[in-house]
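There are 2 protein chains.
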Amino acid sequence: MTLSAQEPQKSEDAGPFDRFLCFAAYSTSLAFNRLYKSVLDDLGLTYPQYLVIVALLHRDRQAVSELGDALFLESNTLTPLIKRLEAAGLVTRQRDSADERVVRVSLTAQGRGLADRIACVPTDILKATGMSIEELGALQQGLMKLGDNLRASQRD
Amino acid sequence: MTLSAQEPQKSEDAGPFDRFLCFAAYSTSLAFNRLYKSVLDDLGLTYPQYLVIVALLHRDRQAVSELGDALFLESNTLTPLIKRLEAAGLVTRQRDSADERVVRVSLTAQGRGLADRIACVPTDILKATGMSIEELGALQQGLMKLGDNLRASQRD
DNA sequence: CACGATTAAATCGTGTACGATTTATCTAGG
DNA sequence: CCTAGATAAATCGTACACGATTTAATCGTG
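First to last, the sequence lines map onto chains A and B.
Numbering-wise (our numbering), the first sequence opens with residue 472 and increments by one.
Numbering-wise (our numbering), the second sequence opens with residue 472 and increments by one.
1. What does the alpha-carbon distance come out to for the pair Asp567/B and Pro551/B?
2. For Gln533/A, count neighbouring Cβ atoms within 10 angstroms of its own Cβ and tell me buried if that reaches 16, exposed if not.
3. Can you list, in chain order, the stretches of the alpha helix (DSSP H) that have 4 or more residues and sit fully within the stretch 578–604 of chain B?
4. Can you tell me where the beta strand (DSSP E) with Thr517/B in it begins and where it stops?
5. Looking at chain B, is there any beta carbon in it that lies within less than 8 Å of the beta carbon of Ala559/A?
6. Flag Gln625/A as yes if its beta-carbon sits less than 8 Å from any beta-carbon of chain B, otherwise no.
7. So the candidates are Val510/B, Leu522/B, Ser577/B, Arg530/B; which of them puts its Cα closest to the Cα of Gly560/B?
8. Does Val535/B come out as helix, strand or coil in the three-state DSSP assignment?
9. Leu542/B: which of Thr499/B, Cys493/B, Glu605/B, Gly618/B sits nearest, CA to CA?
10. Check whether chain A comes within 8 Å of Asn620/B, counting only Cβ atoms and requiring the distance to be less than that.
11. Could you tell me which of Val573/B, Ser500/B, Cys493/B sits nearest to Thr600/B, measuring between CA atoms?
12. Compare the Cα-Cα distances from Leu544/B to each of Arg626/A, Phe494/A, Ile604/A and report the closest residue.
13. On the premise that Arg564/B lies in contact with Val573/B, defined as a C-beta separation below 8 Å, what is that separation, rounded to the nearest angstrom?
14. From Ala609/A to Val525/B, what does the alpha carbon distance come to, in whole angstroms?
15. Run through the DSSP bridge pairs and tell me what Arg575/B is partnered with.
16. Would you verify that the beta carbon of Gln565/A is, or is not, closer than 8 Å to some beta carbon of chain B?
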């Protein structure tokens, strides 16, 4: 490997990780995260916070565990994240009266107001990928299948 | 979407994120991370620490910035990570005498001793993917290209 | 030689992630 | 009805990840 500190590497010279799909997933996820950060900064959201808002726009009053199933996260990550959304005035949290163990998360008017500004986010990201819809679709299919398999193998 | 809290969702019913490649990358990266955690726990390494060790096994005495180019990370992330590796006795850090700004990271004998145990890690992971080499290769190609594009769009 | 600009690490603050544990609530079997 | 187990959130400690800043060393140009 002949990495130069000045010129960031390209795939053609990707160092000792060429063989590792895992590294590809890892570094692409980092790149997405950084890109989202620049797009979402205007909204004052992080990427996981954005995902929670999108989930609630799709269906409101979800339990923490339901959000966790959708995002593949658990309460140890979600609870503080949701509390920050609450502090920002975007959601409210309240115990379910039918089952006091459950905390349901609802969008405030202000939170629902993000819908329009959120709508254009995927388009912005799409441009940055520089790839065709077909390529992206194939990648997504493969990744979802891979993710499912990894999570399944984790469980046993 | 009809998510049940009891049964984790599959791709066929992936909630409101079906359309989002970014979410696929994000959640697959999380799944990889969790899987690696269970494999690497025996070695006492995290996944990013493992990547640093692999990079140093490939070429020793790399500068922090060179490791950063290989891993797409910067000193704010790498410095504390490398200090933890140093505290674990796996690497040493020393200023480059030719350029005192540069810190070079070297494997200790103990660090190099991980090579054998690290060698079998990719095989373990491969099994968990449940996918063919061809599929994985295609995914990796696509992801590296995507990652390159995202990083390029980030720079301007 | 000087000195402003650049570069390499380090530092700091915030926000995920996650294993492990804790607390509160609910449910079933006796 | 009452308690053992299960379940949902929350809490705690550790480790990334990153924007912004700081410190120290080097370089470039006059």
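Note that CB positions come from ideal geometry on N, CA and C, so glycine has one too.
This is what the structure gives:
1. 19 Å
2. buried
3. 580–583, 586–590, 592–600
4. No beta strand (DSSP E) contains Thr517/B, which DSSP labels as neither H nor E.
5. no
6. yes
7. Ser577/B
8. helix
9. Gly618/B
10. yes
11. Ser500/B
12. Phe494/A
13. At roughly 11 Å, the Cβ-Cβ gap does not stay under 8 Å, so Val573/B and Arg564/B are not in contact.
14. 30 Å
15. Ala534/B, Gln565/B
16. no
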